[in-house]
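Numbering (the UniProt record's numbering), first residue to last: 1 to 505. Reviewing the structure listed below.
Here is the structure:
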């Protein structure tokens, strides 16, 4: 056996020693690794490059090698598994449109060639919440077509920005049809449907529990689903059933407005006990926050830093920062919604995050009071400065203040990162931060697209006027690509702004 196939076996066993890839290894003994000639040779070389990329400081080089090898396959022959792996590469580096296009192409290629005799190739899947389960399913079937369908439909639903939007649900349905015995897919689909108030999602959640009755996430999903439907007796049944898992959320009273989720290694995160909250649905379905910039955020923060999170909501960015700055650092979480403040305070209490400061109010360009227009999902709440602009009676009055005022309030000597998610109120936030920005020059991560609005050009222009340069983040490769024109902002959810000092360094 070649060293490459030994490495492939090691890759599988590092994920789960029970994963059995011997069939695939045996089928690929004749791969020409040193001088690839066939489509299968190039495909397998690409898979090994992706495996090498995971833990290599030269990740970009290995990903480029994989990309070039897969492109070579497509030039030589129709090989759907290679097309699916190409879709996976595009997904990894954040090119969701090309990921979806290639995943769909792989799907069509398989469906259009039922009598084709494609050789089985090696299979790769990136680190993800469901990697063990998906690789197990891929390896348990010796059917090449099923393997390609599993992988391509997995990438297809992941290519949607949010799994609960219209396309996300469509593609989740497709993936679930292809692999109906996936616990992970059934839980995601069930949660996605319930977020959209489609009660048939209960079927998928029950199916997930039947597939893995001991999985705490499955049990918590059913508990929350029945709570949301007002079925107190059934909710209590699933709460009691889940107590054997030993999870901390099972010790909470059923009438508590929050529940706990495991987050970012060993954080216990308090979230709304309802699928009305996107945070609750996303974390329980996918195990982590979906925005690619979270990777940048986590890799940028160091011990002792000071971080400000404007629009903290339940605190996914706040507590990822808290975990990394440690006791010598400081995190200020600004949030206007009273219920989210309660969640932030609860997470601080249960994790003993004494260096995190939840601050109720709306950051703006002046002090005083504003109104917070409330929506079913708290992530969509909006600050309104004029009562005449309120669209309903569902609002909260909140105090507002400038970020500059925090310098004295919290005795700030540094601000390293500033995240702004203010649902269209970003410019007033920045206008009230001029002293803070001039004195500390923080890296700024801001939301470029809020709700159904287009690119936030006003923020881009304001920051560029202060000497900042704008970038979009390329995940996995951990690269920043400079935004050179306003047209480049189209479709980018979050933008990273670097001050001159970062560019010099």
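Where a beta carbon is used, it is the ideal one built from N, C-alpha and C, also for glycine.
Only residues of its own chain outside the window of five on either side were considered, and among them 365 have a CB closer than 6 Å to the CB of residue 431, listed in chain order. Sequence-distant Cβ neighbours of residue 11 in its own chain, meaning closer than 7 Å and more than five residues away, are 51. By the neighbour-count criterion, in which 16 or more other beta carbons inside 10 Å mark a residue as buried, residue 327 falls on the exposed side. DSSP, reduced to helix, strand and coil, places residue 373 within a strand of the structure shown.
Boundaries of the alpha helix (DSSP H) around residue 11: 3-15. Nearest Cα to residue 275 within the set 350, 189, 351: 189. Judged by beta-carbon spacing, residue 332 lies within the 8 Å limit of residue 357, meaning their Cβ atoms are closer than that value.
Just measuring C-alpha positions, the residue of 428, 314, 297 sitting nearest residue 257 is 314. Residue 361 sits away from residue 319, with the two beta carbons spaced by 8 Å or more. For residue 302, the closest of 13, 284, 330, 282 by C-alpha to C-alpha distance is 330. DSSP, reduced to helix, strand and coil, places residue 287 outside both helices and strands of the structure shown, so it counts as coil.
For secondary structure counted as the alpha helix (DSSP H) over 4 or more consecutive residues, the stretch 417-448 holds these complete runs in sequence order: 426-431, 434-440. Apart from sequence neighbours up to five positions away, the residues of its chain that approach residue 359 with a beta-carbon distance below 7 Å are 332, 333, 334, ordered along the chain. Apart from the 5 residues on each side of it in sequence, residue 324 sits with its Cβ closer than 8 Å to the Cβ of 298, 301, 302, 303, 305 in its chain, given in chain order. Taking 8 Å as the cut-off, the beta carbon of residue 24 is found closer than this to the beta carbon of residue 122.
Taking the C-beta atoms as reference points, residue 239 is found no nearer than 8 Å to residue 225. Put simply, of 213, 212, 254 the residue whose alpha carbon is nearest the alpha carbon of residue 231 is 254. Contact between residue 211 and residue 183 is confirmed by a C-beta separation of about 4 Å, below the 8 Å threshold. Secondary structure within the stretch 65-111: the alpha helix (DSSP H) runs of 4 or more consecutive residues, fully enclosed, are 80-92, 96-111 (chain order). In this chain, residue 456 is not harboured by any beta strand (DSSP E), its DSSP state being neither H nor E. DSSP places residue 123 outside both helix and strand once states are collapsed to three, so it counts as coil. Nearest C-alpha to residue 111 among 78, 133, 134, 141: 78.
Close CB contacts of residue 5 within its chain, under the 6 Å cut and outside five residues either way in sequence, are with 25 (chain order). According to DSSP, residue 359 shares a beta bridge with 334. Residues of the same chain with a CB within less than 7 Å of the CB of residue 351, apart from the 5 flanking positions on each side, are 267, 268 in chain order. According to DSSP, residue 307 shares a beta bridge with 331, 417. Closest by C-alpha distance to residue 44, out of 93, 120, 19, is 120. Rounded to the nearest whole angstrom, the C-alpha separation of residue 460 and residue 471 is 10 Å. Look at residue 262 here: in three-state DSSP terms it is strand. In this structure residue 369 is exposed. Its beta-carbon is surrounded by fewer than 16 other beta-carbon atoms within 10 angstroms.
Residue 32 sits in coil when the DSSP states are folded into three classes, being neither helix nor strand.
For secondary structure counted as the beta strand (DSSP E) over 3 or more consecutive residues, the stretch 180-260 holds no complete run.
Here residue 409 carries a helix assignment [DSSP, helix/strand/coil]. Linking residue 244 to residue 166 through their CA atoms gives a straight-line distance of about 36 Å. When the beta-carbon positions are compared, residue 426 and residue 446 come within less than 8 Å of each other. With fewer than 16 other CB atoms across the displayed protein chains lying within 10 angstroms of its CB, residue 409 is exposed.
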